[in-house]
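Each residue of the sequence shown is one higher than the last, beginning at 13 in my numbering.
Cβ coordinates follow ideal geometry from the N, Cα and C atoms, glycine included.
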Amino acid sequence: MTLAVGIANHGNDPMHRLLLAFFIFFLPILTAAQDELPVVTFTIDFPDSQPEHFSLLIHADGSSHYQSSGRLSADSDATDSFELAFSVSPAMRQKVFELTARANYFQKDVDSHHKNLANTGKKTLSYKDSRRQGESTFNYSSNSAVQALTNSFQMLSATLECGHRLQYDRQYQKLALDEELKRMEDLDRRNELPEIQAIRPILEQIVADASLVNISRGRAEHLLTSLHAR
Numbered sequence: 013m014t015l016a017v018g019i020a021n022h023g024n025d026p027m028h029r030l031l032l033a034f035f036i037f038f039l040p041i042l043t044a045a046q047d048e049l050p051v052v053t054f055t056i057d058f059p060d061s062q063p064e065h066f067s068l069l070i071h072a073d074g075s076s077h078y079q080s081s082g083r084l085s086a087d088s089d090a091t092d093s094f095e096l097a098f099s100v101s102p103a104m105r106q107k108v109f110e111l112t113a114r115a116n117y118f119q120k121d122v123d124s125h126h127k128n129l130a131n132t133g134k135k136t137l138s139y140k141d142s143r144r145q146g147e148s149t150f151n152y153s154s155n156s157a158v159q160a161l162t163n164s165f166q167m168l169s170a171t172l173e174c175g176h177r178l179q180y181d182r183q184y185q186k187l188a189l190d191e192e193l194k195r196m197e198d199l200d201r202r203n204e205l206p207e208i209q210a211i212r213p214i215l216e217q218i219v220a221d222a223s224l225v226n227i228s229r230g231r232a233e234h235l236l237t238s239l240h241a242r
């Protein structure tokens, strides 16, 4: 809008009139196209877990958003909310949308409805694009695509929550950083820390922070090296 106003201020120049007409005509179309970008969303509500709630939204271009709330860790009474805008890797984006297609875009009930199953949280998967949409809520699903999606989203949440705790520890309890980073190294060795590039900024901040002990900075640097090797 600001650019269009700037063009209009150039008066009756034919080229500027043409540019203004272009923005007036095409800008609403471009905005609508962005709003209609295919998107997959996963949410879970599981009281007494960590976090107690989280939602992940992944667009077809890889742009993503995460939001969570609940206890900071299993042994902590402190609660917090956390939000992060980031981009998933092309591999993760492709995996999510291929599995979503296999799950028929959640247009049918995916819950197994088996009795006597332990409660593992109220989960909802949804999909929306310009032509279709679907949503299904479940505790457990026997659908292999839904199982794979659930596992991927929960592991991605675990990675992002590691970054959340690193931010908190660096600000409020620096001595706890090393234990968290050590745990992350263990997860990384087991390939259970996907999309670590999403929390690269906090790892880089730890490496550059001379007020932290060298062992913590070294662990953060090791995780960054692992990221570069992928």
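Boundaries of the alpha helix (DSSP H) harbouring F109: P102 to R114, taken from the DSSP string.
With a threshold of 16 other beta carbon atoms within 10 Å, S169 meets it and is buried.
With a 10 Å radius around the Cβ and a threshold of 16 neighbouring Cβ atoms, I227 comes out exposed. Annotation for K186: L224 place their beta carbon closer than 7 Å to its own, counting only its chain and skipping 5 residues before and after. Counting only runs of 3 or more residues that sit fully inside the segment 160-225, no beta strand (DSSP E) segment turns up. In its chain, beyond the 5 residues on either side, E48 have a beta carbon closer than 7 Å to the beta carbon of S142. By the CB criterion at 8 Å, N151 and L137 fall outside the cutoff. A straight-line Cα-Cα distance of about 18 Å links G74 and Y117. With respect to the 8 Å criterion, L178 and L189 are classified as neighbours on the basis of their beta carbons. Taking C-beta atoms as the reference points, V219 and A232 count as a pair closer than 8 Å. Exclusion of the five residues before and after T149 leaves T136 as the residues of its chain whose Cβ lies within less than 6 Å of its Cβ.
With a 10 Å radius around the Cβ and a threshold of 16 neighbouring Cβ atoms, S154 comes out exposed.
Scanning its chain for C-beta atoms nearer than 6 Å, with the 5 sequence neighbours on each side dropped, one finds around L111 the residues A157, A160 and L161, in chain order. Around the Cβ of R144, a 10 Å sphere holds fewer than 16 other Cβ atoms; the residue is exposed. A straight line joining the alpha-carbon of R105 with that of L236 spans about 22 Å. Closest in alpha carbon position to S93, among A103, Q62, V100 and F109, is Q62. For E233, the three-state secondary structure derived from DSSP is helix. Sequence-distant Cβ neighbours of A115 in its own chain, meaning closer than 8 Å and more than five residues away, are V122, L137, N155, A157, V158 and L161.
Taking 8 Å as the cut-off, the Cβ atoms of D57 and G133 count as close.
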